[in-house]
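Here the structure comes first, spelled out in C-alpha cells, and everything after it is commentary.
Residue numbers (full-length UniProt numbering): 1 to 481.
Below, the structure is given as C-alpha cells:
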C-alpha cells in the first residue's frame, strides 16, 4: 500500500543514505539509527537559530523508525537505553506522547489534531515496558507529568471525561491492554463499560470540536472542549487476539488505533546491556518543554498554564506543500480502492488510513524542530506517514486473517495453519505441531488436519499413523485473507 511519490523533492537535503539502515520491514535494530550508540545527538539549545536543522531528516526509502528530527532523537534514546531494544515499540510509544505534549495547539489543513491511539503487540519478554518507563521519566524530568500524564486505565466514562476537563490533553499508557479491551468490548459488557467504549470512539473524532458527556442523576453533563486524549497500549498478540473477534474489528474502535504488530519478531539481546538509569539528555528535556509551550515562549516558566483548560482552542493551521497535498490525494485513492475490495470487517481500517497518515505527518512536521514558529507539512513528512501507515495496515490485515475467529473451531484451524505456514518449505512434524497446539483436543486436531489436507490447504508427507508425518502449507498466507 504505497502512495505515488513522484513530485518535486524537498529543498532540504536528506541525511546521507549510507548512514541509514534502509529497512522497509521495520526490523528493530539499534544500528538503524544514524546516531552512534555511544554519542549523544546534537542538542536543541534555547538559542538555536531559526532555520537550523539540528537532526537529520527523513528521506524516501529510509527506515520508518528513523523519521528524522526530534522524534528520531527520542527513539534513539529509548532504544539506546534498553537491553532489548525495539525501535518499533519506541516509535509506537513516542507518537501518542508527543501528540499529547503538543496537543490542542496545531491542526492540519483538514482540521485533524494530534490525538493518537497506538497499540504495540509483542511476545512476552520483549521489553514492552521500557519505552513506557523512559517516556514517563522524561515527562517527569521535563515538568510535564502533572500536565499531560493520564491514568493507566478507566473505571467509568464519566471519570474519563472529568479527567479530560482537568487535563484536556493527556497521554494514558496502558499495559496489558487486552484486559481493558475485553472489559469494554465484550457483548455482555455492562452499560458502564459500553459507555467507556463509545466515549473513546467519540473522543477520537471530537478533537476538533467538543465532547458532550452524558447527564447522570445529580450530575451535570461534562463538556470537554477540544479533547486531546492519546493512548498507548501494549499486550501480547495471543492475549489480544484471544479477546477480539470480527465484530469488534468492524465496529470501528480498533480502526482508530495505529497497530504495531511484532508477533513474529524475536527480541534483540545485547551482549553488554546498557545502563537504563543513565541521565536523561538535556536536549530531550528542553525539546519537550518547547513543544509543550509552542509559540507561548513567555509562559515557559509556567508549564501548567501554557494552554487554557476551559476555552475553545483556536489551533494553528499547519499548511502543507503542494507536493504533500498531491501525495495525500493519491493515498486517499489507494485507500478507497482497498476499502472497496476488502472484506466488510476490514473496511473501517482502510477508511481511517488517510486520517492516520495526515495526523502523523502533522505531528512529524511540528516536532521535527522544537520551537519552530511556522512548521509546515512537506513532502518528506507525507512520504514517511503514508509509508508507515501502509506498512502497518498491511501487517495488521495479515494478522487479522491469521488470528481472528468467530468460533473456537475457527480459532483452532487458524492456529494450526499458522504454525504450518511458519515452518516454511520443510514443513512441521506431527509431534512438534502437537506440542505447539496442546490446548486443542487431539481428536479435534486430527480432524482439522484431515480437512485441511482434503481441501488442499496443506500437504501431508510421511506416515500419519506413526507420528512420522510432516505437514506443509500449499497456499500463501494472503490467500486466507
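Cβ coordinates follow ideal geometry from the N, Cα and C atoms, glycine included.
- Distances from the alpha-carbon of residue 351 to those of 279, 251, 440 put 251 closest.
- Closest in C-alpha terms to residue 348, from the list 118, 246, 292, 71, comes 246.
- Taking all protein chains in view, the Cβ of residue 409 is surrounded by fewer than 16 other Cβ atoms within 10 Å, so the residue is classified as exposed.
- In the three-state reduction of the DSSP assignment, residue 118 falls in the strand class.
- Scanning its chain for C-beta atoms nearer than 7 Å, with the 5 sequence neighbours on each side dropped, one finds around residue 399 the residues 261, 263, in chain order.
- 386 is the residue among 286, 78, 386, 112 whose C-alpha sits nearest the C-alpha of residue 333.
- Secondary structure of residue 194 (DSSP, three-state): helix.
- The residue among 168, 197, 62 with its C-alpha nearest the C-alpha of residue 210 is 168.
- Taking a C-beta distance under 8 Å as the contact criterion, residue 93 and residue 131 qualify as a contact pair.
- With at least 16 other beta carbons inside 10 angstroms of its own, residue 86 counts as buried.
- The C-beta distance from residue 108 to residue 389 rounds to 14 Å, too long to meet the 8 Å contact threshold.
- The Cβ atoms of residue 315 and residue 331 do not sit closer than 8 Å to each other.
- Within the same chain, and ignoring the five residues on either side of residue 174 in sequence, the residues whose Cβ sits closer than 8 Å to its Cβ are 152, 153, 180, 231, 232, 233, 234.
- Residue 89 is not a Cβ neighbour of residue 133, given a cutoff of 8 Å.
- The beta carbon of residue 119 is closer than 6 Å to those of 233, 257, 259 in its chain, skipping five residues each way along the sequence.
- With 16 or more other Cβ atoms inside 10 Å of its own Cβ, residue 64 counts as buried.
- Going by C-alpha positions, residue 377 is about 6 Å away from residue 321.
- Residue ranges of uninterrupted beta strand (DSSP E) with 3 or more members are absent from the region 307-344; none lies entirely inside it.
- In this structure the region 270-284 does not touch the region 405-424; the number of beta carbon pairs closer than 8 Å is below three.
- Considering only 441, 392, 138, the residue with the shortest C-alpha distance to residue 416 is 441.
- Annotation: the region 88-140 contains the following complete segments of the beta strand (DSSP E) (minimum length 3 residues), in chain order: 117-121.
- Closest option to residue 75, judged by alpha-carbon separation, among 344, 95, 422: 95.
- Taking the Cα positions, residue 460 is about 30 Å away from residue 396.
- Non-local C-beta neighbours of residue 176 in its own chain, meaning closer than 7 Å and more than five positions away in sequence, comprise 235, ordered along the chain.
- For residue 148, same chain residues with a beta-carbon under 7 Å away, outside a window of 5 residues either side, are 100, 101, 139, 167, 169, 170, 171 in chain order.
- Nearest to residue 59 by alpha-carbon distance, out of 372, 379, 335, 449, is 379.
- Taking a contact as a CB-CB distance under 8 Å, the pair residue 244 and residue 404 counts as one, their CB atoms being some 6 Å apart.
- Using a Cβ distance threshold of 8 Å, residue 228 and residue 113 count as a contacting pair.
- If you check the CB distance, residue 375 and residue 365 come in under 8 Å.
- Nearest neighbour of residue 163 by Cα position, chosen from 203, 291, 293, 355, turns out to be 203.
- Beta-bridge partners of residue 461 (DSSP): 470.
- Distances from the CA of residue 281 to each of 354, 447, 137 were compared; the closest alpha carbon is that of 137.
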